[in-house]
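Novice:
2 protein chains.
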Amino acid sequence: MRTAICEMFGVEFPVFAFSHCRDVVAAVTNAGGFGVLGAVAYSPERLDAELSWIDERVGGRPYGVDVLVPARLDTSVADPAARLAEAIPERHRDFVAHLLRKYGVSELDPVPVSMSAVADEFGRRVTARGAGGLVEVALRHPIGLIASALGPPPPEMTAQARKAGVPVAALVGTVEHARRQVAAGADLIVAQGSEAGGHTGEISTMVLVPQVVDAVDVPVLAAGGIADGRQMAAALALGAEGVWCGSVWLTTEEAETPPVVKRKMLAATSADTVRSRSRTGKPARQLASAWTREWDEAPESPGPLPMPLQMLLAEAAMTRIGRAAESGNPGAQELAGYFVGQVVGQLNRVRPARRVVHDMAEEFAAAVERALAAVSISPGPR
Amino acid sequence: MRTAICEMFGVEFPVFAFSHCRDVVAAVTNAGGFGVLGAVAYSPERLDAELSWIDERVGGRPYGVDVLVPARLDTSVADPAARLAEAIPERHRDFVAHLLRKYGVSELDPVPVSMSAVADEFGRRVTARGAGGLVEVALRHPIGLIASALGPPPPEMTAQARKAGVPVAALVGTVEHARRQVAAGADLIVAQGSEAGGHTGEISTMVLVPQVVDAVDVPVLAAGGIADGRQMAAALALGAEGVWCGSVWLTTEEAETPPVVKRKMLAATSADTVRSRSRTGKPARQLASAWTREWDEAPESPGPLPMPLQMLLAEAAMTRIGRAAESGNPGAQELAGYFVGQVVGQLNRVRPARRVVHDMAEEFAAAVERALAAVSISPGPR
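Protein chains in written order, with my numbering: chain L, 29 to 410; chain Z, 29 to 410.
1) Which of the three DSSP states is assigned to T301 of chain Z in this structure?
2) Distance cutoff 8 Å, beta carbons only. Does R313 of chain Z sit that close to anything in chain L?
3) Can you list the residues of chain L that I231 of chain Z reaches, using a CB-CB cut of under 7 Å?
4) Spell out whether any CB of chain L is found under 8 Å from the CB atom of D256 of chain Z.
5) According to DSSP, what are the bridge partners of D94 of chain Z?
6) I'd like the ranges of any beta strand (DSSP E) spanning at least 3 consecutive residues and lying wholly in the region 262–332 of chain Z.
7) Give the straight-line distance between the Cα atoms of D122 of chain L and P358 of chain L, rounded to the nearest whole angstrom.
8) Just how far apart, CA to CA, sit V218 of chain Z and V124 of chain L?
9) Note down the Cα distance separating E40 of chain L from V56 of chain L, rounded to an integer number of angstroms.
10) If contact means a Cβ-Cβ distance below 7 Å, which residues of the region 380–402 of chain L contact chain Z?
11) Any beta carbon of chain Z sitting closer than 8 Å to that of Q209 of chain L?
12) Going by DSSP in three states, V235 of chain Z sits in which element: helix, strand or coil?
13) Find the residues of chain Z that neighbour Q239 of chain L, judging by a C-beta separation of less than 7 Å, and give them in chain order.
14) Alpha carbon to alpha carbon, what distance is there between G225 of chain L and G274 of chain L?
15) Determine the extent of the alpha helix (DSSP H) in which F367 of chain Z is found, giving its start and end residues.
16) Going along the chain, which residues of its own chain have a beta-carbon closer than 7 Å to the beta-carbon of M335 of chain L, five neighbours each way excluded?
17) Could you have a look at L128 of chain L and say whether DSSP puts it in helix, strand or coil?
18) Quick one: is V105 of chain Z buried, meaning 16 or more other Cβ sit within 10 Å of its Cβ, or exposed?
19) Within the continuous beta strand (DSSP E) that includes Q220 of chain Z, where are the two ends?
20) Determine, using beta carbons only, whether F46 of chain L and D94 of chain L come nearer to each other than 8 Å.
21) Just how far apart, CA to CA, sit L75 of chain Z and R50 of chain Z?
22) Note down the Cα distance separating A206 of chain Z from A265 of chain L, rounded to an integer number of angstroms.
23) Whole angstroms is fine: what's the gap from T280 of chain L's alpha carbon to A364 of chain L's?
24) Cβ closer than 8 Å: which chain Z residues qualify as neighbours of E325 of chain L?
25) Looking only at its own chain, which residues have a Cβ that is under 6 Å from the Cβ of S304 of chain Z, when we skip the five neighbours before and after it?
26) In whole angstroms, what is the alpha-carbon distance linking I254 of chain L and P380 of chain Z?
27) Kindly list the residues whose CB is nearer than 6 Å to the CB of V165 of chain L, restricted to its own chain and excluding five residues on each side of it in sequence; keep chain order.
28) Consult DSSP for H48 of chain Z and reduce its assignment to one of helix, strand or coil.
29) Assign G161 of chain Z to one of three DSSP states: helix, strand, or coil.
30) Between the Cα of V385 of chain L and the Cα atoms of L:R258, L:L128, L:G193, L:R85, which residue gives the shortest distance?
31) DSSP on L249 of chain L, reduced to helix/strand/coil?
32) What is the residue span of the alpha helix (DSSP H) that A345 of chain Z lies within?
33) Would you report the Cα separation of V403 of chain Z and P42 of chain L, rounded to the nearest angstrom?
34) Just the C-alpha distance for A197 of chain L and A214 of chain L, rounded to the nearest angstrom, thanks.
35) Any beta-carbon of chain L closer than 8 Å to the one on R305 of chain Z?
36) Using a Cβ-Cβ distance under 8 Å, would Q259 of chain L count as near chain Z?
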């Protein structure tokens, strides 16, 4: 294929694959797409090792890294040395303890995860300074893109990337944010619709993409609701130069999605996701689960905390819930979930990531041919 | 163009235009599309007159009628003779009175609208028997389609239409509903995404359409998020055979949208709509307004009633609000709103409906050509 994106990034097929799993990143890059490693869960050391692993496998083919940089942070949590855990109110801890008891998780797994250890880890990562460390590590590798998921990229990040000749991508959910991101130096905009998994706005891909394309003068990728070649063709018809997909990789062979969650995803319909603040503190689309229901609807719920406090609280609990779920605890299996978009309803079988790319390419070609067949627009004047 | 829909309905361009305004219906039909008159606001006598008006102007070109038939109704309100108004709790009436006072509407317009008169009117229309009367009237005209917006069409409606040789269309928001509608006799499915105006589900057009196309063996129109030719091309790429648009006509020259609401729509961004139960009792996307905010967020709000009670309460109030808004009352202008989809952010100028169709056709052709240019898929094996 030929789009501005294909030339800009040296890819054959303008599919950007966001994944926390290095195997998916390498597989998509090697299949002619562009893998993007979600780095938020990694320490700088671990990220370095993961990227070296990828470097050894992609033979110079292009891939990128995504970091999560919140535009604004509570000053109370901006200092990575601060004990984030101390900022979590007793009422919220109690509600989590109540949930674990109610769903029979605590009895099975009485060893609590040290919240302050998780907190220190998170404090390092989900702050401007923490993300800065990841960016530094990433730029030591031959990456072709660095992406920032929340708010405009910090000026230092853009400056570092520019110096290294690496384009910066920014995810946005509104036209206004797209304009702001380009003004802040973004070289590529990922216009992400409300149907996407993870942190997402309220405007759908169908509505958002053409408006963003009209508003900015950099290339635009469409994200949200894209898991097959028909949806990719639709994205290009809307004016995008390529697509950014996350959910579709979660059920691939390579994905490290926990088996219980993968099974839930394979069984889910598109009505089984919810945009909830219960996992990170910001609205993020995920599988609907007992966790999201209890936080969002239970009368005794204290309501989610702001990011990153809720993220910390949730991840500490999810570590235990995940362990219990995989060992067969039915209550834990009800609580278990993960970020995923509405396309989860289409994900009904496990495929290798490489096969997903090939299927998309074939479906894409067929969709364009079908749209063409529908048009009998004569070459002369209408 | 040639799609199954073009042949099935004898149109040149598979754009179905839903509008409550006969002028829009006639203009779209005469421009090569297919106008569909929203009949819910009409009495049978008025509908008859409107359709005769259209008949005289379209010279045998195809158009259709849309009725609102709720699948289930409270038995308490199923009898059109029952005084619906009596079923509205005091608390809800009081909240409306409070809103009108708070926004300065009651002082300006002290003449209350008789709720029981509105109720009788609504009772006739928004019930299976009421809609049946409209269907009977519609089938006396040379209509090419009858559509049902809520739930499976009642068997009598399908039988009447079939006898008259008129295809029945059904609007759906999930794959499950699409299957059910086809089983109930629908000849055409309108798969409507969450971004659409009016009654709408939670799944986006991008995600919903391909799944519905795969699930049913009748033609599918895409609805929700479609107001230009790029979005139409996207819909066809997703597998739809045509599109169903509502919002885009609200800001046309012909539309009878009240001037205040039209101005609000022209100024609104895609972030200015909300899916709220405050206007009809069912989740319906509309302009965000003081009305939706107060009902959905004010601590003193009693919460919306079920349909059709909330619709009755809201419409009686909206009659007064609209009158006050048009006479310049700023509080009433804050309360005023109407059903519209997220595409409202694209509607920035007033065009004749005919021009909208022509623009869509041109943009559609350009979008398909652009998608084609992106593909350099060789004709040989890949």
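Backbone N, C-alpha and C fix where the C-beta goes; we use that ideal spot for every residue, glycine too.
Specialist: Inspection of the coordinates gives the following:
1) Along the second sequence, one-based indexing puts residue 301 of chain Z at 273. Note: T301 of chain Z maps to strand in three-state DSSP.
2) Indexing the second sequence from 1 puts residue 313 of chain Z at position 285. Output row for R313 of chain Z: interface = no.
3) In the second sequence, counting from the first residue as 1, residue 231 of chain Z sits at position 203. Near I231 of chain Z (Cβ distances below 7 Å), the residues of chain L are S298, A299, Q370.
4) Position 228 of the second sequence, counted from the start, is the residue given in the question as residue 256 of chain Z. True, the Cβ-Cβ gap to chain L drops below 8 Å.
5) As a working note, residue 94 of chain Z is residue 66 in the second sequence. DSSP, once it has assigned bridges, lists Z:G66, Z:A175 as partnering D94 of chain Z.
6) 270–273, 301–304, 312–315
7) The sequence position of residue 122 of chain L within the first sequence is 94, counting from 1. The sequence position of residue 358 of chain L within the first sequence is 330, counting from 1. When rounded, the distance between both Cα atoms is 22 Å.
8) Stepping through the second sequence from its first residue, residue 218 of chain Z is reached at position 190. Stepping through the first sequence from its first residue, residue 124 of chain L is reached at position 96. Roughly 43 Å separates the two Cα atoms.
9) The residue given as residue 40 of chain L occupies position 12 in the first sequence. The residue given as residue 56 of chain L occupies position 28 in the first sequence. When rounded, the distance between both Cα atoms is 11 Å.
10) A393, A395, V396, A399, L400, A402
11) The residue you call residue 209 of chain L lines up with position 181 of the first sequence. Chain Z, which has no Cβ nearer than 8 Å to the Cβ of Q209 of chain L, makes this no.
12) In the second sequence, residue 235 of chain Z corresponds to position 207, counting from 1. The answer is helix: DSSP assigns V235 of chain Z an H, G or I state.
13) Your numbering for residue 239 of chain L matches position 211 in the first sequence. S298, G373, Q374, listed in chain order.
14) What you label residue 274 of chain L is simply residue 246 of the first sequence in a count that begins at 1. What you label residue 225 of chain L is simply residue 197 of the first sequence in a count that begins at 1. So the two alpha carbons sit approximately 7 Å from each other.
15) Translated into the one-based positions of the second sequence, residue 367 of chain Z becomes position 339. Here F367 of chain Z belongs to no alpha helix (DSSP H), and DSSP marks it neither H nor E.
16) Position 307 of the first sequence, counting from 1, holds the residue named residue 335 of chain L. Hits under 7 Å: P98, T308, G309, K310.
17) In the first sequence, counting from the first residue as 1, residue 128 of chain L sits at position 100. Of the three classes helix, strand and coil, the one that applies to L128 of chain L here is helix, per DSSP.
18) Looking up residue 105 of chain Z in the second sequence gives position 77. For V105 of chain Z, the predicted model reports a pLDDT of 46, less than 50, meaning its position is unreliable and no value from the coordinates is stated.
19) Walking along the second sequence from the start, residue 220 of chain Z turns up at place 192. First-last of the beta strand (DSSP E) with Q220 of chain Z: 216–220.
20) The residue labelled residue 46 of chain L in the question sits at position 18 within the first sequence. The residue labelled residue 94 of chain L in the question sits at position 66 within the first sequence. Taking 8 Å as the Cβ cut-off, F46 of chain L and D94 of chain L qualify as a contacting pair.
21) Position 47 of the second sequence, counted from the start, is the residue given in the question as residue 75 of chain Z. Position 22 of the second sequence, counted from the start, is the residue given in the question as residue 50 of chain Z. In a straight line, the C-alpha of L75 of chain Z is about 10 Å away from that of R50 of chain Z.
22) Your numbering for residue 206 of chain Z matches position 178 in the second sequence. Your numbering for residue 265 of chain L matches position 237 in the first sequence. Distance between the alpha carbons of A206 of chain Z and A265 of chain L is about 25 Å.
23) Sequence index remark: in the first sequence, residue 280 of chain L carries index 252 (1-based). Sequence index remark: in the first sequence, residue 364 of chain L carries index 336 (1-based). Cα to Cα, the separation comes out at about 19 Å.
24) Along the first sequence, one-based indexing puts residue 325 of chain L at 297. Per Cβ cutoff of 8 Å: no residues; E325 of chain L is ~15 Å from chain Z at best.
25) Residue mapping note: residue 304 of chain Z aligns to position 276 of the second sequence, counting from 1. Excluding residues within five positions, the ones whose Cβ falls inside 6 Å are T320, D324.
26) To locate residue 254 of chain L, count along the first sequence from 1; it is residue 226. To locate residue 380 of chain Z, count along the second sequence from 1; it is residue 352. Using only the alpha carbons, I get a separation of about 34 Å.
27) As a working note, residue 165 of chain L is residue 137 in the first sequence. Same-chain partners within the cutoff: P72, L75, D76.
28) What you label residue 48 of chain Z is simply residue 20 of the second sequence in a count that begins at 1. In this structure, H48 of chain Z counts as coil in the three-state DSSP scheme.
29) On the second sequence, residue 161 of chain Z is found 133 positions in, with the first residue counted as 1. The answer is helix: DSSP assigns G161 of chain Z an H, G or I state.
30) Counting from one through the first sequence, the residue named residue 385 of chain L turns up at place 357. Residue L:R258 is the option with its Cα nearest to V385 of chain L.
31) The residue given as residue 249 of chain L occupies position 221 in the first sequence. L249 of chain L falls in the strand class under three-state DSSP.
32) Taking the first residue of the second sequence as 1, we reach residue 345 of chain Z at position 317. Start and end: 337–354.
33) Stepping through the second sequence from its first residue, residue 403 of chain Z is reached at position 375. Stepping through the first sequence from its first residue, residue 42 of chain L is reached at position 14. Taking the straight line from one Cα to the other gives about 11 Å.
34) Against the first sequence, residue 197 of chain L aligns to sequence position 169. Against the first sequence, residue 214 of chain L aligns to sequence position 186. Their backbone Cα atoms lie some 6 Å apart in a straight line.
35) Residue 305 of chain Z sits at position 277 when you count from the first residue of the second sequence. Taking Cβ atoms only, chain L never reaches closer than 8 Å to R305 of chain Z, which makes this a no.
36) Looking up residue 259 of chain L in the first sequence gives position 231. By this cut-off, Q259 of chain L is an interface position.
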